[in-house]
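What follows is one structure encoded as structure tokens, with my remarks underneath.
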Amino acid sequence: MATPPPTAPSAPYPHSPVPPSNPGPQPFAPKRSWFARHKVLTGLGAVVVIGAVASALGGGHGTSSTAGPHADGTTVASAPATPSDPAQADTAQDSEETTEEAGSEVTFPGMKSGDVVASGGETVTSDDVQITTTALTAGDATLGPTACTSVTIVNNSKNPLDVNAFDFTLQTPTGAIINPTFSGTDNFLQSSTLIAGGTVTGDVCFDQDLTGGGQYVVLYKPTLSFFKDRVAWVNTL
1 MATPPPTAPS
11 APYPHSPVPP
21 SNPGPQPFAP
31 KRSWFARHKV
41 LTGLGAVVVI
51 GAVASALGGG
61 HGTSSTAGPH
71 ADGTTVASAP
81 ATPSDPAQAD
91 TAQDSEETTE
101 EAGSEVTFPG
111 MKSGDVVASG
121 GETVTSDDVQ
131 ITTTALTAGD
141 ATLGPTACTS
151 VTIVNNSKNP
161 LDVNAFDFTL
171 QTPTGAIINP
181 TFSGTDNFLQ
191 SSTLIAGGTV
201 TGDVCFDQDL
211 TGGGQYVVLY
221 KPTLSFFKDR
231 VAWVNTL
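Residues 1 to 237 in full-length UniProt numbering are what the sequence shown spells out, letter by letter.
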């Protein structure tokens, strides 16, 4: 009896693939880099680096208009610049002084509406008449203490102006209004009539002791002239 030829081994299960008799080595899978495995961190790092480079390039150029500290520590203030021209500096200072003077009004007890008020020694012009009274000083005290002021009146109006020492009175710190006296000086303001452009100068004195200090107000109100306003010169001693 003849021996049948050998047959190939059959699969363990029907229709299943036959495993290779001598499997070769498996192909090696390449390992990914750290950056490929950490994409999120890589992206964040790139953003930080780009921002730092842009900041360094942008911050080192150009001129900034914002005030800030210099390299030596000096701070540039945002205050108004000082004028380089001395004339401009003087003008600015005069403007500040004028503002301060305009903001401080001279007042006194008993002041009436319409009074023209000034400080002792100032010149007042009203109804085209210029009147100046010097600051009060102690006059001759032979017959007792006196307070005197030197008066100058210039009539720039077109009408004649009657002048009399008794057009002036003195308000004392206690609120009493007193009339002039005939002592205290040898240069009394004489009674006169000033024509247009006329000028007169003389002293007006009062029986008053100035050693106690206080506020004294020289008042001027003519009774026999067109002069309408009452003028007051405030003296604070």
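Don't be surprised by glycine CBs; every beta carbon is placed ideally from N, CA and C. Computed from a prediction, not measured in an experiment: that's the story for all the values here.
Close-in-space but distant-in-sequence residues of the same chain around residue i (CB under 6 Å, 5 per side omitted)
| i | result |
| --- | --- |
| residue 164 | 191 |
| residue 177 | 169 and 171 |
| residue 214 | 173 |
| residue 195 | 160 |
8 Å Cβ shell around residue i - same chain, five flanking residues per side excluded
| i | result |
| --- | --- |
| residue 119 | 106, 233, 234 and 235 |
| residue 181 | 146, 205, 206 and 207 |
| residue 288 | In the structure displayed, the chain extends from 1 to 237; residue 288 sits before or after that span and is not available. |
| residue 112 | 230 |
Reduced DSSP secondary structure (H/G/I, E/B, other) of residue i
| i | result |
| --- | --- |
| residue 118 | strand |
| residue 188 | strand |
| residue 247 | Coverage of the chain is limited to positions 1 through 237, which leaves residue 247 absent and any answer about it impossible. |
| residue 194 | strand |
| residue 108 | coil |
| residue 202 | strand |
| residue 237 | coil |
| residue 223 | coil |
heavy atom of the ligand NAD below 8 Å from residue i C-beta
| i | result |
| --- | --- |
| residue 107 | In terms of ligand content, the structure shown is empty, and the ligand NAD therefore cannot be addressed. |
Cβ-based neighbour list, residue i, same chain, cut-off 7 Å, excluding 5 preceding and 5 following
| i | result |
| --- | --- |
| residue 139 | 146, 147, 148, 184, 185 and 205 |
| residue 222 | 162 and 167 |
| residue 109 | 175 |
| residue 187 | 202 and 203 |
| residue 257 | Any question about residue 257 goes unanswered here, given that the chain covers just 1 to 237. |
| residue 179 | 166 and 169 |
| residue 121 | 134 and 135 |
Continuous beta strand (DSSP E) stretch holding residue i: start and end
| i | result |
| --- | --- |
| residue 218 | 215-220 |
Inter-residue CB distance, residue i and residue j (contact presumed, cutoff 8 Å)
| i | j | result |
| --- | --- | --- |
| residue 200 | residue 153 | 5 Å |
| residue 173 | residue 216 | 7 Å |
| residue 124 | residue 170 | Residue 124 to residue 170, Cβ: 17 Å. No contact. |
| residue 189 | residue 129 | Actually they are not in contact, since the Cβ atoms of residue 189 and residue 129 sit about 15 Å apart, beyond 8 Å. |
| residue 210 | residue 143 | Going by Cβ atoms, the distance from residue 210 to residue 143 rounds to 16 Å, so no, they are not a contact pair. |
Quick one: complete beta strand (DSSP E) runs, 3+ long, within the stretch 121-187? Runs of the beta strand (DSSP E) inside the stretch 121-187: 123-126, 129-133, 147-155, 161-163 and 168-171.
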